[in-house]
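All residue numbers for the sequence shown refer to the working numbering, where the first residue is 345 and numbers rise by one. Just below is one structure, and these are the notes that go with it.
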Amino acid sequence: EYSTGYDSLPQSAVIADLNRDNYFDSIISNSGTSNAAVLLGYGNGSFTYPKLYLTGVDSSPFTVAVGNLNDDNQLDIAVASYGTSNIGTLIGHGDGPFTKIEISSIGYKFRNGTLRSQEIHFIETTSAPAAVLVGEFSSDTRLDVVTINTGINNVTILLGYGDGSFGEHTDFSTGNNSSASCVTVGDFNKDNLLDIAVSNSKTNNAGILVDYGNGNSSKIRTFSTGHYFR
């Protein structure tokens, strides 16, 4: 048993080999204390004491994802912050520690700020991203990020620059009062492009976005899942 801290309220966990020792490590999003915890694995089921990375005041991160976001062949971390409606990226160096967090917007009202030694760019919106995944949606070999935003009932694709930062984002509605809660990606139509599937808890359906390979996707198509779907 490993403590994530008093009132940390961990929401999600992902495993990956962050320090290239062929052992799985763990990344946890702590919504109560607004940080991401990294626990390096020893390969025997045990882990180091958590190393905490702040994601911003009252950011309340819900989910994390991993991928090579800056084309250096090292795994980085993307964090979806529900409380501050943004995406943070922690850049990895292949040895376990992460030294920098970059925050990308999902909305408007731009302002700059700093958080200790970490560079940060805040966007204030009501998008409330509840989940984040990494994938290539623009056929440029650079990893992009997709989030589901329960606060404004849509899916957002942020195109990656290949340096750990992201540019323009495109939003796709999931339907009025849909309250999308989960997202996954896969090639659903056998065109070798990643498509997006979301679950909509309040409208009892699943939505599919077909990727065109240029960062754009089709209008969402929904499929009923029956009553009381969660």
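Quick reminder that beta carbons are idealized off the backbone N, C-alpha and C, glycines included. Everything numeric in this text was worked out from a predicted model, so none of it was measured.
Item checked: Those runs of the beta strand (DSSP E) which lie wholly inside the stretch 382–440 and span at least 3 residues -> Runs of the beta strand (DSSP E) lying entirely within the stretch 382–440 and spanning at least 3 residues, in chain order: 395–398, 405–411, 420–425 and 430–436.
Note to self: Going by beta-carbon coordinates alone, are VAL478 and GLY570 separated by less than 8 Å?
What the structure shows: Taking the C-beta atoms as reference points, GLY570 is found no nearer than 8 Å to VAL478.
Next item on the list: Write down the C-beta distance between ASN374 and PRO405 rounded to the nearest angstrom, noting that I regard them as a contact closer than 8 Å.
Entry: Indeed, because the Cβ distance is near 7 Å, the residues count as touching under 8 Å.
Notebook entry, point to check: Are the stretch 520–530 and the stretch 543–555 touching, with three or more C-beta to C-beta distances below 8 Å?
Noted result: Flag = yes, the stretch 520–530 and the stretch 543–555 touch.
Notebook entry, point to check: Considering only C-alpha positions, which residue in the set SER370, TYR393, LEU398 and GLY387 is nearest to THR377?
Noted result: Nearest option by C-alpha distance: LEU398.
Next item on the list: Could you tell me which residues DSSP pairs with ASN363 in its beta bridges?
Entry: Beta-bridge pairing links ASN363 to no other residue.
Next item on the list: Flag this pair as yes or no: are the beta carbons of THR433 and ALA422 separated by less than 8 Å?
Entry: Closer than 8 Å, so yes.
Margin query: Helix, strand or coil, according to DSSP, for VAL554 in the structure here?
Written below: VAL554: coil per DSSP, three-state reduction.
Check: Relative to the alpha-carbon of ALA357, which residue among GLU345, ILE372 and ASN498 has its alpha-carbon at the smallest distance?
Finding: That would be ILE372, whose Cα lies nearest to the Cα of ALA357.
Check: Does the beta-carbon distance from ILE431 to PHE442 come in below 8 Å?
Finding: Taking C-beta atoms as the reference points, ILE431 and PHE442 fail to come closer than 8 Å.
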